[in-house]
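Have a look at the structure below before the remarks.
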Amino acid sequence: MDGARFLSSIKDTVLNFKFNNVIDILIIAVIIYNTYKLVKQTRAEQLAKGLVVLLIVTKLSGWFKLYTLRWLLDWVLGAGLIALVVIFQPEIRRAFEFIGRSQFIGSRFRTLEDGQVNPVVEEIVQACASLSRQKIGALIVIQRKTGLGEVIETGTEIEGYVSMGLLINIFIPNTPLHDGAVIIDKEIIKAAACFLPITDNNRLSKDLGTRHRAALGISEKSDAFVVVVSEETGGISTCESGEISRYLDEDTLRKKLTDIYNPKPEEGGILNKFINEFKSEDSKEKNVTTEEGDDKDEEVKSK
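Going by the UniProt record's numbering, the first residue of the sequence shown is number 1, and it counts up by one from there.
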């Protein structure tokens, strides 16, 4: 009898399935996907895992009629939600900032048409390459959607066009503006000698100094793209969304900056990012299947 009811409920669900149900499922999938991306490799990641376990245990305690345990877990969940808001205030703020600066469909503001070369990119690349060869430390922050007005106020206003010479002169040791970050908004250097927040990520390599930790800090709290030149090794690194890429060559840095200044249309929206990543995973699976098929064909031919 229960089996018949179950099959009947499935049949009713399929028959009543409408287009708005597809939209509903798609929206939930996008929310879950972006929530996972936000908490990944943060303090909230372990919390999320613990919360899932707690919810499962709570459900099981109800099924097995463990009333005292269920009462205790319900109390913990209720009080815990209030504590979470206080403890994870930075992560919650970051999530709302991500929502505020994201688009559902469409790209970011395009500064150039396809095929055009942005001279600002080349000026930054050449400046970083020169500083790298001389092992002069540098910290360059490129502002995107999130405003960095509070950070700019901590430094010295410049309001000059980006150029290789100006960037090198700013970071020359023992000059008034060399200690701190340069903030760039499109083609304008807004300020120099700016103070950046330091990341509180304890998983970082011990060989990362204050300059790299400051770069990670501002990339965690905004959507800024940061370029770092190490004064110890001369290595060039970039930071974005709390992740660091180290020891880049000129071509790789140029490509990354080109993507920032002239992004592709499909990179702008939350929905497009979700679909594109799903397609990339699907294509990887197809490639693996194709390779396995080729191997089998070769075995048959050899026989």
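C-beta atoms are modelled at their ideal positions from N, C-alpha and C, and glycine is treated no differently. Here the structure is a predicted model, which means the values were calculated and not measured.
Cβ of residue i within 8 Å of any chain B Cβ
i    : result
I188 : In summary, chain B is missing from the structure at hand, where a single protein chain is found.
CA nearest to the CA of residue i, picked from the options
i    : options                : result
E157 : D223, V121, F195, L81  : F195
Y261 : I188, K206, D24, A4    : I188
G137 : L208, I92, G80, L81    : L208
A191 : I244, T258, V141, L204 : V141
V151 : D24, N202, A215, I31   : A215
R203 : V22, E243, P119, I172  : E243
S132 : D24, I31, S230         : S230
L55  : E250, G80, Y33, P176   : G80
A83  : L47, H212, W63, R70    : L47
S222 : S241, G235, T210       : S241
H178 : Y161, W75, L139, L148  : L139
V162 : T258, I183, K145       : I183
E232 : R211, N34, Q89         : R211
N118 : A224, V85, I25, K186   : K186
L148 : Q89, G62, G217, G234   : G217
Residue i, buried or exposed, once every other Cβ within 10 Å from all chains shown has been counted against 16
i           : result
residue 332 : There is simply no residue 332 to check, as the chain begins at 1 and stops at 303 in what is shown.
G180        : buried
E220        : buried
E267        : Caution is warranted here: a pLDDT of 48 is assigned to E267, below 50, making its placement in the model unreliable, and no coordinate value can be reported.
G50         : exposed
E123        : buried
I105        : Only weak support is given to the placement of I105: the predicted model assigns it a pLDDT of 43, under 50, and the value that follows is read from those uncertain coordinates. By the 10 Å Cβ count, I105 comes out exposed.
R93         : exposed
R110        : Confidence is the limiting factor: at R110 the pLDDT is only 48, short of 50, which leaves the residue's position unreliable and the question unanswerable from this model.
T238        : buried
L7          : exposed
L248        : buried
V14         : exposed
L73         : buried
I10         : exposed
I236        : buried
V121        : buried
Residues bridged to residue i [DSSP beta-bridge criterion]
i    : result
Q143 : D185
F225 : I142
A215 : Answer is none; A215 lacks a bridge partner.
I236 : V229
I244 : C239
E250 : Paired residues: none, contrary to the question.
T156 : A192
Y161 : I188
Run of the alpha helix (DSSP H) containing residue i, from where it starts to where it stops
i    : result
S132 : 119-134
G78  : 67-87
- Message: When you compare the region 121-129 with the region 158-168, are there three or more beta-carbon pairs, one atom per stretch, that lie closer than 8 Å?
- Response: Judged by Cβ distances under 8 Å, the region 121-129 makes contact with the region 158-168, as three or more pairs qualify.
- Using 8 Å as the threshold, is the region 198-211 in touch with the region 148-162, meaning 3 or more CB pairs across them? With a cut-off of 8 Å, the region 148-162 and the region 198-211 do not count as touching, because too few Cβ pairs lie within range.
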